[in-house]
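Structure first, then comments.
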Amino acid sequence: MAIDLSTTIAGVRFPSCFMNAAGALCVTEEELRGLGLSRAGAIVTKSMTIEPRFGNPEPRYYAFPGGSINSMGLPNLGYAAYAKLIPTLKEFGKPVIASVAGLCEPDFVKIATVVNERRPDLIEVNLSCPNIPGKPQIGYDAEDSERVLDQVRGVITVPMGVKLPPYFDPAHHEKMARVIERVGVEFLSLINSVGNGLVVDPERESVAIKPKGGFGGLGGAMIKPVALANVRAFWKLFQGRIPIIGVGGIVNGTDAFEHLLCGASAVQIGTVLVEEGTRAFERLEQELSAVLSRKGYTSPAACRGKLKEL
Ligand code: SIN
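When we follow numbering that gives the first Met the number 0, the leftmost residue of the sequence shown carries the number 0, and every step to the right adds one.
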């Protein structure tokens, strides 16, 4: 059976439903070009700030069998560099998603205004970086989130999405869903890393990473159930009206299939991309195609949201 892994989000067609998560192999021009040359269905930039940033002190990423912990601290080239690169990146013939962060509210608006002029295909507003010391994740405050998203929406003309942190209570899903509806967010990226976890190395009797006393965002296989729960919760709240990019715990094709069943239209990969490099895209495509074929589905859309409840 021929499987078509393309997907559409906010009116934009993606040749494959797999892409990088903002942060994974997408900081430098070389890495972004690498994504362009790979089988990734899109190029997602590192979340950009006003000034270039070196990020937090190293070691700031640590992988272990269950996943990874990171506290990168938004190392990036600064928005002016990414804005300049966007037209070049678009020449790879796949959507470019500009991930916009900020250290204060006006930053988001300034970055979004300038980046929008370079016509990325979509803008993903990152309200969920857990790794900037002294800066809480905006996505945990509904009022702050609404103010930021409303202002960004007002200055951009390309579809706007938001990357949210994981929520752990239906009341929080519902509150944020109301914000998303009011502002007119056009796609969701769910979820960012599970913030402020702690990984301990018992041999060294030490934390695994240096920043923030060892606290950092968890990613990889261990966070899949949390990611799936957030995808499913928002899918149900919007009854599938707002496209979702599932992020979290996608290590193989079956993981991607589970995200699709929960309601995702596409998926982003982080830990597995860092660990395996861009050849992960081809492997994941093959694995997902095999699962879809075995199940009698011809595309990601065919199984989207079809999770059965007991
Ligand atoms: C980081 O740069 O610290 C990770 C980015 C994020 O979690 O949004």
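Even for Gly, the Cβ is constructed at its ideal location relative to N, Cα and C.
C-alpha gap between residue i and residue j, whole angstroms
| i | j | result |
| --- | --- | --- |
| T156 | F214 | 37 Å |
| G22 | K45 | 5 Å |
| E30 | L24 | 5 Å |
| L88 | F256 | 28 Å |
| L148 | R32 | 29 Å |
| D168 | G194 | 16 Å |
| M18 | R146 | 29 Å |
| S205 | I131 | 21 Å |
| R300 | H171 | In the sequence on display, residue 300 carries Ala and not Arg. Looking at the two C-alpha atoms, the distance is approximately 27 Å. |
| Y78 | E284 | 31 Å |
| G66 | G269 | 10 Å |
| C302 | F233 | 17 Å |
| I137 | S70 | 17 Å |
| R203 | L197 | 15 Å |
| A100 | S127 | 9 Å |
| I2 | E142 | 42 Å |
| L259 | R293 | 15 Å |
| I244 | R12 | 13 Å |
| F280 | L121 | 21 Å |
| K93 | P164 | 26 Å |
| T112 | G295 | 44 Å |
| L287 | I208 | 33 Å |
| R177 | G183 | 10 Å |
For residue i, the three-state DSSP class (helix, strand or coil)
| i | result |
| --- | --- |
| V114 | helix |
| A323 | For residue 323 there is no data in the structure shown, the boundaries of the chain being 0 and 309. |
| K211 | helix |
| I2 | coil |
| I68 | strand |
| Y78 | helix |
| F186 | strand |
| L314 | With the chain represented from 0 up to 309, any question about residue 314 goes unanswered, as that position is not in the structure. |
| E202 | coil |
| V161 | strand |
| F167 | coil |
| L88 | helix |
| T44 | coil |
| I249 | coil |
With 16 other Cβ atoms within 10 Å as the buried cut-off, status of residue i
| i | result |
| --- | --- |
| G219 | buried |
| Q267 | buried |
| K162 | buried |
| V273 | buried |
| F53 | exposed |
| D200 | exposed |
| V253 | Position check: residue 253 holds Thr in this sequence, whereas Val was assumed. Burial call: exposed. |
| T7 | exposed |
| T48 | buried |
| L309 | exposed |
| C328 | Outside the shown range of the chain, which is 0 to 309, sits residue 328, and nothing can be said about it. |
| R38 | buried |
| G72 | buried |
Limits of the unbroken beta strand (DSSP E) element including residue i
| i | result |
| --- | --- |
| N195 | 193-197 |
| M18 | 17-19 |
| E284 | From DSSP, E284 is part of no beta strand (DSSP E) but of the alpha helix (DSSP H) over 278-294. |
| F13 | 11-13 |
| L121 | 121-125 |
Residue range of the unbroken alpha helix (DSSP H) whose run includes residue i
| i | result |
| --- | --- |
| Q150 | 141-154 |
| A100 | From DSSP, A100 is part of no alpha helix (DSSP H); its letter is neither H nor E. |
| E257 | 252-261 |
| N55 | Segment: none, N55 is in no alpha helix (DSSP H) and carries neither H nor E. |
| A228 | 223-237 |
Any non-hydrogen atom of the ligand GTP within 7 Å of residue i CB
| i | result |
| --- | --- |
| N125 | Ligands displayed in this structure: the ligand SIN; the ligand GTP is not among them. |
Contact with chain D by residue i, beta-carbon distance below 8 Å
| i | result |
| --- | --- |
| E142 | Chain labels in this structure do not include chain D; a single protein chain is all it has. |
Exercise. Between the stretch 145-163 and the stretch 202-216, do at least 3 Cβ pairs fall closer than 8 Å?
Worked result: Result no; under three Cβ-Cβ pairs closer than 8 Å.
For this session: Could you say if the stretch 36-45 and the stretch 55-68 meet the contact criterion of at least three C-beta pairs nearer than 8 Å?
Result: Output reads no: the stretch 55-68 does not touch the stretch 36-45.
For this session: Count the CB pairs spanning the stretch 181-189 and the stretch 225-241 that are closer than 8 Å, and state whether there are at least three.
Result: A contact exists between the stretch 181-189 and the stretch 225-241.
For this session: Please determine if the stretch 233-245 and the stretch 77-91 are in contact, where contact requires at least 3 C-beta pairs separated by less than 8 Å.
Result: Result no; under three Cβ-Cβ pairs closer than 8 Å.
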